[in-house]
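What follows is a short report on a single structure.
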Amino acid sequence: MTLRSPTSAMLWELWRVTRAEIAWKLALPIGLALTALGLAAAFGPADNPARYRSINDFAAAVALSLIVIAPLPGVWISMARLTGGQPGFPLYLGYTRPVRTAWLVGLPMAYLTAMSGAIYLASALVLRVASGHAFPLLPVAAWVAALTVVWLAAAWSTRNMTIQVAVAMLAVVKALGWAVDRLTAVEIPDGFDWPPRLWPALFDWPRTDYAWIALIGLASFGATVAMVTRQRRGDALVSSTWTPGGGLWGRLVGLFGVPCPTSSATRAQLWFDLKSRGVPVLTIGVVLASVTVLVSAVSGPIDAAWNADPTVSCPIKECFWVRAMPPMLTPFMLVTILFLGVNAFGIRRKQGRTYVSAFEAANAYGTAQVAVLKILAQSVCVLAAFIAIGVGVWISMPLLGDGVFIQMFGVPLNSRRSVLTTAFAALAGYEQLALTMVAVGGVVMAVAAFAMLGALRLRYSRLASLASFLLVPYGLLFVWLWVGVRGDPAAFSRLHLDIVYGAMSWSATTVMAITTVYVVWNGFAERVLTLRYASGAVAISLAFAAAWLTVVHMLGVPLTGVSATNAISVASLALLPLTVSVLAPWSYSRIRHT
Amino acid sequence: MGQAVVDVNDLSRSFGRKIALDGVCFRATAGQVYGLVGANGAGKTTLIKHLLGLLRAATGSVRVFGFDPVREPVRVLGRVGYLSEERELPEWMRIDELMAYTQAFHPTWDASYAGELIETFGLDPSKKVRELSKGMRAQAGLVAAVAHRPELLILDEPSAGLDAVVRRDILDAIVRTVVDDGRTVIFSSHLLEEVERMSDHVTMLHGGRVTLSGALDDVRHSYQRSRVRFAEHFEQPPVLDTALAMEGGGRAWSVVHSGSLERFHHSVLALGGEIVESRDATLEEIFLARAGRSRQPVEAA
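Residue numbers (the numbering used here), protein chains in the order written: chain R, 1 to 594; chain S, 1 to 301.
Here it is, written out as structure tokens:
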């Protein structure tokens, strides 16, 4: 391979760093969007055309949201990984190259911005062809590009994570507000606000918007070049805030002031995992919960003032400026916590290298014990963060009131409090216990599953890439289902849905069972697992299975006389804790002893 | 020979197509210092990682204190002190936290020894690892590795980042203290002079294979460096029995050779030459000869 100029070399480098992310940013949203469209077409009530159309319109809006939002989180994760997630210019190794800073910054910025827009355009074109809906092209692509360039500027211009997060959040709020302002320009009575048939009109934005986007891009570029120049020169004011492990995360780690216990290795390891990864996640959860309550508390008066202000444009009878934020952002908060809590095994990434710290791996501690301890410590903190956010939302509900926005689905949010309280109180004690066990077990399994997947991906990167192609048949099944449903919804949907569902259930359960048997056998052979550990795993799994079956029964699903496919689906979820509890230490042993 | 602390047999390991270790055998007994030398990519760190169980043997076996370090990590690592080549320590920890954390895994931790070393190095216990220079990290890592008085101390490039005083005085003293207590040290280094100074045994790796292994004195005695003068002018190095490497040109050549001295003499005489001077080769000369990198002229003809 010959790269004939610095520009081609830089573009090649960018392509090598981002190509995997581009692939999943294309595949995942398109797959999810097709799934949403397929499910709506299959499950929609074909005997009620108006309702069927409404559901499918909503699915189309969900599909649009997915192809806009799904590729956005973290903007470009592969670039952030170059600095181990720390803010600052990620291609700092290029500082020693004979290239001007403007070019060093401008080329990757242009490449990533253009790629973000292109990913959206490609996804929208695929969905246009597949669904026939007029998925918007240029306006949303420009919006995505504007958000990307501002986020890149925020991430690269400073080495201070607080400033980075604040600017990024402000950009999101402004971008969302701007989009909502454009999309609510026309009120649709008795219907969903953004039906696909109105998209061509709704997304016909004025040229001044594009001029603004161009200005935002130029300003972001200029600011980034100026700040990266300071970083390149090693400006003390800039560089002093950034060191590996420093920044916001470093300060959160410092909040846990408990001294390291020396009385036992278990306590010391627990201290290590809580301090380095667990407590920062919990702290962020508490902060998000507090912000939710505070925003909810001030949202009513702010909205009232803005609605009374004649200079603020509100095309409908009452706008929900700030009150919309807590319910809209709560799912993102939960996803953020999960995202921050997934790396229970402490896998590190820097400049393309993914590895486990030799310092941790060389500690005199059993592999299974350390794996379980890491997962439990992280799970406890993630769960506590979830609870904090849940409590924050619970407290916020009465503060938000039963506004029109919140009644979008005909259910006033505030009234859900009493519904939930009454429903939970009506449960028997063992049912409450079962529900709690399933919820807690779900969080632990989610944390463990992400940790395991990270470990297996690190150890068997090529196999993991190949395994990800197994998702393609699932995607094709959904496409097949959806195409069939479009042809004859009434006759096609049930049969084909059964086939898709059955194929998924049987294949997933078979893979789980084979994996569990192999890992138990291999784990005992390698002494990763002991009889005592396996006994504990079986006992916990049985307890979870009992709780799971209780919850399934509570939900009204019959446990007898069901089809083999349904039985296997229920059983596979009961088997999941056993699979996770043996696979977690085994996968950790794969990265500790590579 | 004493009981083996480390016993590696026919160990092989590949990373993709790259063969990192190829049939390596290595044995270490108590109370000795073992130096691992080799060029970059020779397999020194890979061998060390196998001893710690951080890599599992593809073929062959690794036993440390009689245990497989992959299957019995606690039994092995509890008796081992390790300083990694990359000085990888948690950036967020303070030095006193690092010591407390390491102490929890090692009941034999000697707090006064740790304190003494920290004072000797002039480290501030309240400083975070991320605030330390490379050399200070190496010092902190060294304290954490030796303060529990491990039965086996493994140091991967211990001198990297250390200044000459610390390297020469403190590192040597630490290693000697460990060995005098009847414990074992295995260390890798690029500094052949350091290996020569500190080691009792030397093992040379090249391309994943052990090219030389033995007691340092035996190794040095089995290699000679001789200055040879010929009557005839040679454009290319002349072919001499037992010669491993030659430097020079014309009529004067410097030769590193091993094996039968008599055969070497005969082959020199046969070409009309004479041996001007002969002495034991240094480790560096042996290394360069074994690694095949010795072809530079050393003196005018």
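We put the beta carbon where it would ideally sit given N, CA and C, even for glycine.
All values reported here derive from a predicted model rather than from experimental measurement.
Q.
Quick check on C25(S): buried or exposed, where buried means 16 or more other Cβ atoms within 10 Å of its Cβ?
A. Sequence index remark: in the second sequence, residue 25(S) carries index 25 (1-based). Classification of C25(S): exposed, given that the 10 Å Cβ count is below 16.
(Q) Between which residues of its own chain and R295(S) is the CB-CB distance below 6 angstroms, once the five residues before and five after are set aside? (A) Position 295 of the second sequence, counted from the start, is the residue given in the question as residue 295(S). Summary for R295(S): the model assigns pLDDT 42, below 50, so the residue's position carries little reliability; its value from the coordinates is reported in the next sentence. Within the same chain, R295(S) has no close Cβ partners at all.
(Q) Below 9 angstroms on C-beta distance, what does Y460(R) contact in chain S? (A) Your numbering for residue 460(R) matches position 460 in the first sequence. Within chain S, no residue comes near Y460(R); the closest Cβ sits about 13 angstroms away, beyond 9 angstroms.
**Q.** Per-residue DSSP class, three states only, for Y223(S)
**A.** The residue you call residue 223(S) lines up with position 223 of the second sequence. If DSSP states are grouped into helix, strand and coil, Y223(S) belongs with the strands.
Q: Pick helix, strand or coil for K127(S), following the three-state DSSP scheme.
A: In the second sequence, the residue the question calls residue 127(S) occupies position 127. Correct three-state label for K127(S): coil.
Q) Does the distance from the C-beta atom of K275(R) to that of W92(S) stay below 9 angstroms? A) For the purposes of this step, residue 275(R) is taken as the residue at position 275 of the first sequence. For the purposes of this step, residue 92(S) is taken as the residue at position 92 of the second sequence. Yes, Cβ-Cβ distance for K275(R) and W92(S) is below 9 angstroms.
Q. Using the C-alpha atoms, what's the distance from F272(R) back to G257(R)?
A. Along the first sequence, one-based indexing puts residue 257(R) at 257. Along the first sequence, one-based indexing puts residue 272(R) at 272. Each residue's alpha carbon lies about 12 angstroms from the other.
**Q.** Sequence-distant residues of the same chain with beta carbon closer than 8 angstroms to G135(S), five excluded per side
**A.** Residue 135(S) sits at position 135 when you count from the first residue of the second sequence. These residues qualify, in order along the chain: G161, L162, D163 and V166.
Q | Straight-line gap, V419(R) to A425(R) (C-alpha atoms, nearest Å) | A | In the first sequence, counting from the first residue as 1, residue 419(R) sits at position 419. In the first sequence, counting from the first residue as 1, residue 425(R) sits at position 425. Approximately 10 angstroms between the Cα atoms of the pair.
Q: Out of P29(R), T579(R) and A423(R), state which residue places its alpha-carbon closest to the alpha-carbon of V511(R).
A: Here residue 511(R) refers to the residue found at position 511 when the first sequence is read from its first residue. Considering only alpha carbons, the answer is T579(R).
Q. Nearest-angstrom Cα distance between W321(R) and L72(R)?
A. Taking the first sequence and counting its residues from 1, the one referred to as residue 321(R) is at position 321. Taking the first sequence and counting its residues from 1, the one referred to as residue 72(R) is at position 72. Going by the C-alpha atoms only, they are around 23 angstroms apart.
Q. Under 9 angstroms, do L283(S) and V195(S) count as touching if we go by C-beta distance?
A. Locating residue 283(S) in the second sequence gives position 283, counting from the first residue. Locating residue 195(S) in the second sequence gives position 195, counting from the first residue. Closer than 9 angstroms, so yes.
Q | Y243(S), DSSP secondary structure in three states | A | Counted from its first residue, the second sequence places residue 243(S) at position 243. The question names Tyr, but residue 243(S) is Ala in the sequence shown. Strand at A243(S).
Q | Supposed close pair K128(S), R94(S) - CB separation, criterion 8 angstroms | A | For the purposes of this step, residue 128(S) is identified with residue 128 of the second sequence, where counting begins at 1. For the purposes of this step, residue 94(S) is identified with residue 94 of the second sequence, where counting begins at 1. About 5 angstroms separates the two Cβ atoms, so the contact holds.
Q | Rounded straight-line distance, which links the Cα of S461(R) to that of V126(R) | A | Taking the first sequence and counting its residues from 1, one reaches residue 126(R) at position 126. Taking the first sequence and counting its residues from 1, one reaches residue 461(R) at position 461. Looking at the backbone, the Cα of V126(R) and that of S461(R) are separated by about 29 angstroms.
Q. Can you give the Cα-Cα distance for D181(S) and R149(S), rounded to whole angstroms?
A. Taking the second sequence and counting its residues from 1, the one referred to as residue 181(S) is at position 181. Taking the second sequence and counting its residues from 1, the one referred to as residue 149(S) is at position 149. When rounded, the distance between both Cα atoms is 9 angstroms.
Q. At a Cβ threshold of 9 angstroms, is F65(S) touching chain R?
A. The count along the second sequence starts at 1 and reaches residue 65(S) at position 65. No, F65(S) lies away from the interface with chain R (no Cβ there is under 9 angstroms from its Cβ).
Q: Just the chain S side, please: which residues come within less than 7 angstroms of A361(R) by C-beta, in chain order?
A: Position 361 of the first sequence, counting from 1, holds the residue named residue 361(R). L54, listed in chain order.
Q: Would you identify the three-state DSSP class for R75(S), choosing helix, strand or coil?
A: Within the second sequence, the letter at position 75 stands for residue 75(S). Of the three classes helix, strand and coil, the one that applies to R75(S) here is helix, per DSSP.
Q. When DSSP labels each residue in this structure, what does H106(S) get in the three-state scheme?
A. Residue mapping note: residue 106(S) aligns to position 106 of the second sequence, counting from 1. Note: H106(S) maps to coil in three-state DSSP.
Q) When we look at the beta-carbon of I591(R) and count the other beta-carbons within 10 Å, is it buried (16 or more) or exposed? A) Against the first sequence, residue 591(R) aligns to sequence position 591. Counting Cβ neighbours within 10 Å, I591(R) comes out buried, since at least 16 surround it.
Q.
I want to see whether chain R comes within less than 9 angstroms of G78(S), judged by CB atoms only; does it?
A. Here residue 78(S) corresponds to residue number 78 of the second sequence, with the count starting at 1. Yes, its Cβ sits closer than 9 angstroms to a Cβ of chain R.
Q: Count the other C-beta atoms from every protein chain shown that fall within 10 angstroms of the C-beta of P398(R), then say buried if there are 16 or more, exposed otherwise.
A: As a position in the first sequence, residue 398(R) is number 398, starting the count at 1. Exposed, since its Cβ has fewer than 16 Cβ neighbours within 10 Å.
Q. Between the C-alpha atoms of D22(S) and G208(S), what's the straight-line distance to the nearest angstrom?
A. Walking along the second sequence from the start, residue 22(S) turns up at place 22. Walking along the second sequence from the start, residue 208(S) turns up at place 208. Roughly 5 angstroms between the two C-alpha positions.
Q | Cβ-based burial, T421(R) [other Cβ within 10 Å; buried from 16] | A | The residue you call residue 421(R) lines up with position 421 of the first sequence. Exposed: under 16 other Cβ atoms inside 10 Å.
Q: Using a Cβ-Cβ cut-off of 9 angstroms, state whether F105(S) counts as contacting chain R.
A: Residue mapping note: residue 105(S) aligns to position 105 of the second sequence, counting from 1. Chain R has a Cβ within less than 9 angstroms of the Cβ of F105(S).
Q: Identify each residue in the region 85 to 103 of chain S for which the Cβ-Cβ distance to at least one residue of chain R is less than 8 angstroms, and report them in chain order.
A: Within the region 85 to 103 of chain S, the qualifying residues are E86, E88, L89, P90, E91, W92, E97, A100, Y101 and Q103.
Q | Cβ-based neighbour list, A141(R), same chain, cut-off 7 angstroms, excluding 5 preceding and 5 following | A | By one-based count along the first sequence, residue 141(R) stands at place 141. For A141(R), the CB contacts under 7 angstroms within the same chain, skipping 5 residues up- and downstream, are G117, Y120 and L121 in chain order.
Q.
Going by beta-carbon coordinates alone, are G43(S) and L205(S) separated by less than 9 angstroms?
A. Position 43 of the second sequence, counted from the start, is the residue given in the question as residue 43(S). Position 205 of the second sequence, counted from the start, is the residue given in the question as residue 205(S). Cβ distance < 9 angstroms, so G43(S) and L205(S) count as in contact.
Q.
Out of W143(R), A40(R) and R53(R), which one is the CA nearest neighbour of V68(R)?
A. For the purposes of this step, residue 68(R) is taken as the residue at position 68 of the first sequence. Among W143(R), A40(R) and R53(R), the Cα nearest to that of V68(R) is on W143(R).
Q) Would C319(R) count as contacting chain S if we go by Cβ distances under 9 angstroms? A) For the purposes of this step, residue 319(R) is taken as residue 319 along the first sequence, with counting starting at 1. No, C319(R) does not count as interfacial toward chain S.
Q: Could you tell me whether the Cβ atoms of S222(S) and V255(S) are closer together than 9 angstroms?
A: Within the second sequence, numbered from 1, the residue matching residue 222(S) stands at position 222. Within the second sequence, numbered from 1, the residue matching residue 255(S) stands at position 255. Cβ atoms of S222(S) and V255(S): not closer than 9 angstroms.
Q) By the criterion of Cβ-Cβ separation under 9 angstroms, what are the contact partners of R532(R) in chain S? A) By 1-based counting over the first sequence, the position of residue 532(R) is 532. Under the 9 angstroms cutoff, chain S gives no residues; its nearest Cβ is about 15 angstroms from R532(R).
Q | Contacts that A364(R) makes with chain S (C-beta to C-beta distance below 9 angstroms) | A | Translated into the one-based positions of the first sequence, residue 364(R) becomes position 364. Result: P73, V74, R75, V76, L77, G78, R79, V80, F105 and H106.
Q: Just tell me which of A464(R), M554(R), D498(R) and M437(R) has its CA closest to the CA of L427(R).
A: Here residue 427(R) refers to the residue found at position 427 when the first sequence is read from its first residue. Here the closest residue by C-alpha is M554(R).
Q. What is the DSSP secondary structure of L152(S), reduced to helix, strand or coil?
A. As a working mapping, residue 152(S) is identified with position 152 in the second sequence. Here L152(S) sits in strand by DSSP.
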